[in-house]
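Participant:
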Amino acid sequence: MEKIAIVVGARPQFIKLSPLIEVLLGKVRLIVVHTGQHYDFEMSDLFFKQLDIPYPDYHLGVGSANQATQTGRMMVKLEKVLLKESPDLVIVIGDTNSTLAGAVTAAKDNIILAHVEAGLRSKNQKLPEQINRIVTDRLSDILCCPNQSSMDNLKSENIMRGVFLTGDILYDLIARINPSVEQTSKILMKNKLEEGKFVFLTVHRAENVDNPEFLKSLVSGLQGFPVKVFLPLHPRTEKNLKKHNLYDRLGANPVVQISKPIGIIESLALTKSSLGVITDSGGLQREAAFFGKKAYILRDETEWLELERCGMVQCIGHDLKDVEFNWDDYSSPGDDYFQKASKKIAESIFNYQL
Ligand code: UD1
Numbered sequence: 003m004e005k006i007a008i009v010v011g012a013r014p015q016f017i018k019l020s021p022l023i024e025v026l027l028g029k030v031r032l033i034v035v036h037t038g039q040h041y042d043f044e045m046s047d048l049f050f051k052q053l054d055i056p057y058p059d060y061h062l063g064v065g066s067a068n069q070a071t072q073t074g075r076m077m078v079k080l081e082k083v084l085l086k087e088s089p090d091l092v093i094v095i096g097d098t099n100s101t102l103a104g105a106v107t108a109a110k111d112n113i114i115l116a117h118v119e120a121g122l123r124s125k126n127q128k129l130p131e132q133i134n135r136i137v138t139d140r141l142s143d144i145l146c147c148p149n150q151s152s153m154d155n156l157k158s159e160n161i162m163r164g165v166f167l168t169g170d171i172l173y174d175l176i177a178r179i180n181p182s183v184e185q186t187s188k189i190l191m192k193n194k195l196e197e198g199k200f201v202f203l204t205v206h207r208a209e210n211v212d213n214p215e216f217l218k219s220l221v222s223g224l225q226g227f228p229v230k231v232f233l234p235l236h237p238r239t240e241k242n243l244k245k246h247n248l249y250d251r252l253g254a255n256p257v258v259q260i261s262k263p264i265g266i267i268e269s270l271a272l273t274k275s276s277l278g279v280i281t282d283s284g285g286l287q288r289e290a291a292f293f294g295k296k297a298y299i300l301r302d303e304t305e306w307l308e309l310e311r312c313g314m315v316q317c318i319g320h321d322l323k324d325v326e327f328n329w330d331d332y333s334s335p336g337d338d339y340f341q342k343a344s345k346k347i348a349e350s351i352f353n354y355q356l
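Converting from the sequence shown to this note's numbering requires adding 2 to each position, the first position being numbered 1.
1. Could you pull out every unbroken alpha helix (DSSP H) segment of at least 4 residues lying fully inside the segment 301–349, listed in chain order?
2. From this set, THR98, PRO228, ASN112 and MET153, which residue's C-alpha is nearest ALA120's C-alpha?
3. Between ASP331 and LYS296, how many whole angstroms is the CB-CB distance? I'm expecting something under 8 angstroms.
4. Is PHE357 helix, strand or coil when you go by DSSP?
5. Below 7 angstroms CB to CB, which residues in the same chain sit around LEU217 once its five sequence neighbours on both sides are set aside?
6. Looking at the strands, I want to know which residues DSSP matches up with GLY11.
7. Can you list the residues near the ligand UD1, meaning Cβ strictly closer than 5 angstroms to any non-hydrogen atom, in the order they appear in the chain?
8. Starting from SER152, follow the alpha helix (DSSP H) in both directions and report where the run begins and ends.
9. By the three-class DSSP mapping on this structure, what secondary structure does ARG251 have?
10. Verify whether the separation of the beta carbon atoms of SER276 and PHE200 is less than 8 angstroms.
11. Only counting the same chain, and skipping five residues up and downstream in sequence, which positions put a Cβ closer than 8 angstroms to that of GLN132?
12. For the segment 14–60, which segments carrying the beta strand (DSSP E) assignment without a break, of at least 3 residues, lie completely within its bounds, in sequence order?
13. Can you look up THR98 in the DSSP assignment and give me helix, strand or coil?
14. Three or more C-beta pairs under 8 angstroms: does that hold for the segment 278–297 against the segment 21–41?
15. Which runs of the beta strand (DSSP E) fall wholly inside the segment 67–97 and span at least 3 residues, in chain order?
16. Going by DSSP in three states, PRO181 sits in which element: helix, strand or coil?
17. Please name the residue, chosen from TYR173, LEU172 and LEU141, that lies closest to ASN160 on a Cα-to-Cα basis.
18. List the whole-angstrom C-beta distance separating PHE49 from GLY285, where the pair is believed to meet the contact cut-off of C-beta under 8 angstroms.
19. Which class does PRO256 belong to by DSSP, given the choice of helix, strand or coil?
20. Give every residue of the same chain whose Cβ lies closer than 8 angstroms to the Cβ of PRO335, excluding the five residues on either side of it in the sequence, and list them in chain order.
21. If the criterion is Cβ atoms closer than 8 angstroms, does the pair PHE327 and TYR298 meet it?
22. Sorted by chain position, which residues of the same chain lie with C-beta nearer than 6 angstroms to PRO181's C-beta, five sequence neighbours on each side aside?
23. Do you know how far the Cα of ILE95 is from the Cα of ASN155?
24. Excluding the 5 residues preceding and the 5 following GLY425 in the sequence, name in chain order all residues of the same chain whose CB lies nearer than 6 angstroms to its CB.
25. Spatial neighbours of GLY198 within its chain, please: CB distance less than 8 angstroms, with the 5 preceding and 5 following residues excluded, ordered by chain position.
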């Protein structure tokens, strides 16, 4: 194996790119392709800067569009890069439209495909992420599963070849950049927050924030919330709050502190010093678990079953009303759960036999 292309495009993928580069660099020629799915400074370049990741070799500049249009535009541009570079293998990460575009294009061009974060499944077959996962896993030659439940999911779909239990690559990143006490207290001070005295809230998933009823109930559920809430806003969330005339009402709530999107170092520092998190993000619930913080999930289900089983993650549906928050009510999934994964991912790639 001489040349590997990694396709990324959205915020959670930039984070996982960093440990992947670390483990692959020097062993193969690496080409990083950024689809441009996320493009604002706070959604993209900030992560390259904070994590000291080399700027991508190719930036496709695709930007936002409807689901199929966005994915199709990525594929058209990506195919040109793959034909020119002719990598031996393509790596895709997670479940975004950039993942799907990378997977379909690599498979169509007969390039070996590796999927990092394979095997995760939702019960809701209509979610764009679920469609992306199913297609990507079907097409992948190497499937790197973050946990046993994702292995089980693949088995139940009869996907057994090239499947590896590697662990969750997010924990490699946390081990690398876990913010120090000084960094954390600076970030707390900058945001006028006190250790253990605020809840870290994020919400960005289309099925939540594209629904005005959800936004209305979120804004009213936060009225009189018993503890301060720190809420960095994803652009999708901010645009929808403004569109439905809810942004000013939310901003006027003295309990809620709105911020622009924050970087990964700030996010980890605030997670570890929060009382706990409320989120619909797949990444934040795992980061919270690493720091022993409980995550209440604004969804009916989570793909992270091991964390749900031990109570670190608890789904509360789409409404804050009538939820009894108990921030200490959980046990640990065990230290093994938080092991690093990137070495095993690299091994599964380099040991791959056609
Ligand atoms: C995408 C992923 C989602 C992931 C999330 C992480 C898909 C189908 N969804 O959702 O799984 O959890 O990324 O953040 O791939 N926008 C900006 N600036 C940006 C990027 C987006 O303003 O830099 C706005 C645009 O209005 C855009 C909207 O956000 O239309 C949604 O962006 P998009 O990339 O389509 O999906 P996400 O909601 O970010």
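Each residue gets a CB set at the ideal place from its N, CA and C atoms; glycine is no exception.
Facilitator: This is what the structure holds:
1. Correct list: 307–311.
2. Nearest C-alpha to ALA120: MET153.
3. Contact between ASP331 and LYS296 is confirmed by a C-beta separation of about 7 angstroms, below the 8 angstroms threshold.
4. Residue 357 cannot be examined here, being either before or after the span of the chain that is shown, 3 to 356.
5. Listed in chain order, the non-local C-beta contacts of LEU217 below 7 angstroms within the same chain comprise VAL211, ASN242, LEU243, HIS246 and LEU248, local neighbours out to five positions each way being set aside.
6. The beta-bridge partner set that DSSP reports for GLY11 is empty.
7. So the residues near the ligand UD1 by this Cβ test are ALA12, ARG13, GLN39, HIS40, TYR41, ASP42, MET45, SER66, THR98, ASN99, PRO130, GLU131, PRO237 and ARG238.
8. Per DSSP, the unbroken alpha helix (DSSP H) holding SER152 starts and ends at 150–158.
9. ARG251 falls in the helix class under three-state DSSP.
10. Contact annotation: SER276 and PHE200 have beta-carbon atoms nearer than 8 angstroms.
11. Counting only Cβ-Cβ distances below 8 angstroms, and skipping sequence neighbours, we find ASP97, ARG123, SER124 and ASN126.
12. Here the runs fully enclosed are 31–36.
13. For THR98, the three-state secondary structure derived from DSSP is coil.
14. Contact annotation: the segment 278–297 does not touch the segment 21–41, with fewer than three C-beta pairs closer than 8 angstroms.
15. The beta strand (DSSP E) runs lying completely inside the segment 67–97 and spanning 3 residues or more are 91–95, given in chain order.
16. Residue state, collapsed to three classes: coil.
17. Among TYR173, LEU172 and LEU141, the Cα nearest to that of ASN160 is on LEU141.
18. Not a contact, Cβ separation roughly 12 angstroms.
19. PRO256 sits in coil when the DSSP states are folded into three classes, being neither helix nor strand.
20. Result list for PRO335: ALA291, GLU308, LEU309, ARG311, CYS312 and MET314, in chain order.
21. Yes, Cβ-Cβ distance for PHE327 and TYR298 is below 8 angstroms.
22. Excluding residues within five positions, the ones whose Cβ falls inside 6 angstroms are ILE267, LEU270 and ALA271.
23. When rounded, the separation of the alpha-carbon atoms in ASN155 and ILE95 is 17 angstroms.
24. The shown model of the chain, from 3 to 356, leaves out residue 425, and the question about it has no answer.
25. Sequence-distant partners of GLY198 (beyond 5 residues in either direction) whose C-beta falls short of 8 angstroms from its own C-beta, in its chain, are SER275, SER276 and LEU277.
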